[in-house]
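Numbering (my numbering), first residue to last: 7 to 992. Positions of the beta carbon are idealized from the N, C-alpha and C atoms, including for glycine. In what follows, a structure is listed as structure tokens, so that the remarks can point back to it.
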């Protein structure tokens with residue numbers, strides 16, 4: 007095996023060892039409350055034995071040694087059954103922790119220092135040895151017989167029956183097989199007596215049948231055949247006993263051949279070699295101590311079980327069925343959670359085979375799937391653009407057909423047939439009439455126009471144009487059909503990718519019990535150390551959570567548990583005096599709510615003292631008047647401030663002021679949130695909300711100050727169109743009348759004070775709602791409205807972190823990439839609202855309607871607007887200017903250019919053509935100079951008209967400079983640089 011592969015296998019075993027240790031820990035924590043303690047001991051023995059054997063094989067000697075010693079302690083508990091009090095339980099749990107530390111040391115360093123082992127690990131095992139001692143030799147049989155009810159039978163079949171069969175098989179190997187029949191008769195009597203002792207009536211009947219048939223054999227040859235058949239049947243019966251299928255032992259010796267290639271026969275064929283390897287060949291010492299004899303017997307029995315259980319090289323483990331997340335629903339403002347936090351029923355038969363996959367491989371798959379989502383959105387966008395272009399092409403084809411009909415009508419006109427020019431009222435230009443003026447009139451003199459049709463070159467041109475139009479129409483039809491097929495394939499791709507997304511999400515999920523299984527141990531240690539008796543009730547342990555979120559929840563949940571134990575649960579004498587049970591209660595509940603997972607940690611303690619919060623806030627410098635005006639929720643939010651603590655003294659549990667702010671920070675990293683609710687004398691409830699998955703998110707795309715923002719759909723209760731009759735004002739602040747409730751209204755453009763993007767990139771798409779609207783967002787127990795400018799639709803996107811030294815602005819938690827490659831920031835409304843409240847608290851006189859401070863800082867790179875009806879000219883100019891370091895925006899005519907400027911385009915100069923449809927360059931100059939905002943905007947005219955009259959008119963209308971095509975690039979760039987640097991020249 008390559009060295010890297012071997013190292014990977016060794017590391018995987020250490021992960022497996024940690025799972026075994028967690029299993030032992032869970033059994034110990036529930037040991038006293040379990041009805042079948044022997045079953046729990048058996049489970050712990052198997053786990054310890056697996057660690058011992060695997061660690062020895064993988065080259066982790068210290069881990070193997072301590073697992074062996076721990077296994078001996080469990081054997082003593084199983085046989086002697088001493089009382090497992092709290093002190094013994096703590097020492098056993100400490101030993102499990104120490105084995106975990108050894109496994110961690112091997113994982114991190116590859117080796118373990120002997121000095122550290124002797125000083126940190128060995129003492130706890132020595133104390134356990136002094137208390138429990140070693141297994142005794144006389145307990146060997148009892149130890150094995152208690153594993154399963156028939157272990158004594160298996161032991162005797164492994165020893166006595168095996169020895170008898172080996173003796174008979176040795177006889178069959180000799181030439182002529184002397185005395186085979188006699189040996190088989192003796193063995194039949196011995197085995198029948200053993201069967202009678204073990205109460206195996208079927209095996210006893212089989213032995214009696216062998217004796218009867220041997221005695222009735224007419225010839226020695228037939229007797230020999232019967233003897234060999236008896237040996238085969240006994241060997242098969244031994245295998246049946248060893249695999250726990252004693253009821254399948256035949257009662258009569260069948261003279262027919264044993265069925266070929268049965269599973270049991272396969273076992274029996276391989277059993278002698280396996281037994282020779284595992285039972286006969288070990289290098290046993292000449293003398294054994296009592297404890298070594300007991301350990302050897304137990305090892306042989308366990309190894310045999312393991313050998314039977316691993317019939318394939320890579321066994322697949324079983325796992326509980328995974329619970330799928332419900333579909334997306336809107337989160338209620340105040341939900342009753344009792345029905346949500348209930349354990350789903352699990353059908354015992356619904357088990358699935360699983361395999362181990364490295365976490366980094368799952369991360370790679372998630373990254374690749376994220377890229378697939380981006381490409382899928384890009385494909386959908388491109389197909390939509392193609393559909394729009396096809397619609398435009400159909401319009402152009404119809405226009406072409408109409409023009410061709412007009413041309414055909416003109417060609418068929420008698421006036422044109424005789425070469426007359428068209429008048430100004432004709433449908434075609436005079437150029438067509440001029441083209442016909444030289445046609446010979448010879449035929450006209452000979453035939454009347456009604457007697458013979460006449461065709462000119464223009465007729466031929468019209469005919470060719472008509473045929474070309476038909477061909478274009480055919481191609482357009484084919485393109486429409488191909489586009490429909492492509493759209494159908496895209497829809498299938500979207501459907502498949504969504505199924506893949508669901509599957510990928512489920513693969514990344516782990517049950518919350520993986521995290522909550524560690525909580526009872528923490529609470530048990532705290533109760534033992536501080537003398538508080540606390541009961542723990544966990545609901546919703548089967549709730550599935552993304553692995554990354556599960557790992558991020560570990561530290562916050564442990565900290566909240568310690569806080570509930572220290573700050574919440576009162577000492578026993580205080581609880582008794584208040585009429586409460588002496589034993590406190592901490593509940594942890596988990597359930598889905600829409601696209602989020604909700605965890606609630608609740609205690610029945612004293613609650614949070616608001617007076618202590620106020621006193622601590624005064625000590626930290628907060629204003630007394632502000633604190634008196636603050637609501638209960640605002641006061642509770644103070645516990646999440648850095649350095650804030652209400653503890654009277656510093657202890658190992660609390661009082662340092664480091665904790666709750668870290669909890670909120672860690673939750674923010676996975677787009678989570680935490681809220682607190684308390685009732686004096688009744689307890690405190692901490693509600694943690696985390697997203698269902700971190701990889702893919704459904705967002706609303708909204709526009710604020712011409713900047714796109716992505717807002718998670720699960721954070722928005724409802725979207726409401728803003729109507730003037732719904733607006734109210736109270737104490738100078740705007741309110742929105744929403745379903746009879748007056749909801750505070752915040753206009754995001756008043757608070758997102760950052761250098762905005764000058765304009766949205768030009769796009770063929772249009773917003774879904776092109777007017778202001780309000781997003782209704784739940785903020786704690788309240789609802790608030792966020793006003794945005796426009797709504798661009800809803801999309802499923804991939805979330806990307808933003809890396810760098812500078813922190814993100816408040817309320818921004820990452821970004822996403824749209825199908826067109828545009829990067830859009832992701833906003834978490836709850837965090838943004840919290841920041842806005844902080845700003846309001848710092849500036850109480852500030853009005854929400856206060857206009858933002860205007861930003862006068864110009865972009866570092868000048869933006870030039872190019873106005874020309876020729877696409878190629880615009881592209882050529884854009885390449886020239888971009889090469890010179892300018893940013894470029896394009897408009898197809900003067901009307902389009904005015905629209906862009908009036909929409910907020912901040913251009914530093916304009917390069918404009920003269921001859922354009924809708925609005926030419928002169929018209930653009932006139933409108934621009936008539937608007938005070940653009941009177942000083944440099945406008946350079948670039949046209950093919952080089953005459954003095956055209957130049958003079960442009961300069962009169964207010965052009966800054968005038969260039970004719972072809973132009974000198976250096977001269978144009980120099981003039982452009984000069985007018986930008988000195989706008990007064992305009």
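First through last residue of the beta strand (DSSP E) which encompasses residue i
i: residue 743; result: 739-744
i: residue 625; result: Per DSSP, residue 625 belongs to no beta strand (DSSP E); it is in the alpha helix (DSSP H), 616-625.
i: residue 724; result: 722-727
i: residue 798; result: 796-806
Cα-Cα separation, residue i to residue j
i: residue 648; j: residue 86; result: 54 Å
i: residue 521; j: residue 127; result: 26 Å
i: residue 16; j: residue 820; result: 38 Å
i: residue 681; j: residue 692; result: 6 Å
i: residue 709; j: residue 722; result: 15 Å
i: residue 544; j: residue 536; result: 22 Å
i: residue 718; j: residue 832; result: 8 Å
i: residue 587; j: residue 540; result: 10 Å
i: residue 130; j: residue 560; result: 27 Å
i: residue 108; j: residue 683; result: 42 Å
i: residue 375; j: residue 694; result: 28 Å
i: residue 816; j: residue 670; result: 14 Å
i: residue 134; j: residue 44; result: 20 Å
i: residue 913; j: residue 504; result: 43 Å
i: residue 195; j: residue 203; result: 13 Å
i: residue 378; j: residue 509; result: 15 Å
i: residue 234; j: residue 191; result: 12 Å
i: residue 223; j: residue 164; result: 30 Å
i: residue 603; j: residue 507; result: 18 Å
i: residue 138; j: residue 82; result: 7 Å
i: residue 485; j: residue 399; result: 10 Å
Test: residue i CB closer than 8 Å to a CB of chain C
i: residue 221; result: No chain C appears in this structure, which consists of one protein chain only.
DSSP three-state assignment for residue i, whether helix, strand or coil
i: residue 824; result: coil
i: residue 123; result: helix
i: residue 707; result: strand
i: residue 117; result: coil
i: residue 2; result: Since the first and last residues shown for the chain are 7 and 992, residue 2 lies out of range.
i: residue 997; result: Given a span of 7 to 992 for the chain in the structure shown, any question on residue 997 remains unanswerable.
i: residue 538; result: coil
i: residue 4; result: No answer is possible for residue 4: the residues shown for the chain start at 7 and end at 992.
i: residue 385; result: helix
i: residue 675; result: helix
i: residue 271; result: With a pLDDT of only 46 at residue 271, under the threshold of 50, the placement of this residue in the model should not be trusted, and no figure is reported.
i: residue 36; result: coil
i: residue 517; result: strand
i: residue 543; result: strand
i: residue 670; result: helix
i: residue 71; result: helix
i: residue 857; result: Only weak support exists for where residue 857 lies, its pLDDT of 36 falling under 50; the coordinates are left without a value.
i: residue 575; result: coil
i: residue 593; result: strand
i: residue 969; result: strand
Span of the alpha helix (DSSP H) around residue i
i: residue 1000; result: The chain is shown from 7 up to 992; residue 1000 falls before or after that span and cannot be answered.
i: residue 560; result: 553-569
i: residue 882; result: 877-889
i: residue 58; result: 43-64
i: residue 129; result: 128-138
inquiry  = I want to know whether the stretch 899-918 touches the stretch 933-943 - three or more CB-CB distances under 8 Å.
reply    = yes
Output the residue ranges of the alpha helix (DSSP H) runs that lie fully inside the stretch 892-953 and measure 4 residues or longer, sorted by chain position. Listed in chain order, the complete alpha helix (DSSP H) runs (minimum 4 residues) inside the stretch 892-953 are 900-908, 927-936.
Taking 8 Å as the cut-off, does the stretch 552-569 touch the stretch 59-79 (at least 3 CB pairs, one atom from each stretch)? no
- Message: Count Cβ pairs between the stretch 881-891 and the stretch 832-842 that sit closer than 8 Å; are there 3 or more?
- Response: no
**OP:** Run through the stretch 176-248 for me and flag every whole alpha helix (DSSP H) of 4 or more residues, listed as ranges in chain order.
**Re:** Counting whole runs of 4 or more residues, the stretch 176-248 contains the alpha helix (DSSP H) stretches 186-204, 207-221, 226-248.
| said: For the stretch 774-781 against the stretch 722-732, do three or more pairs of beta-carbon atoms, one drawn from each stretch, fall closer than 8 Å, so that the two count as touching? | reply: yes
Per the contact definition of three or more C-beta pairs closer than 8 Å, is the stretch 47-66 in contact with the stretch 19-32? Touching, yes, given that three or more Cβ pairs across the two stretches are closer than 8 Å.
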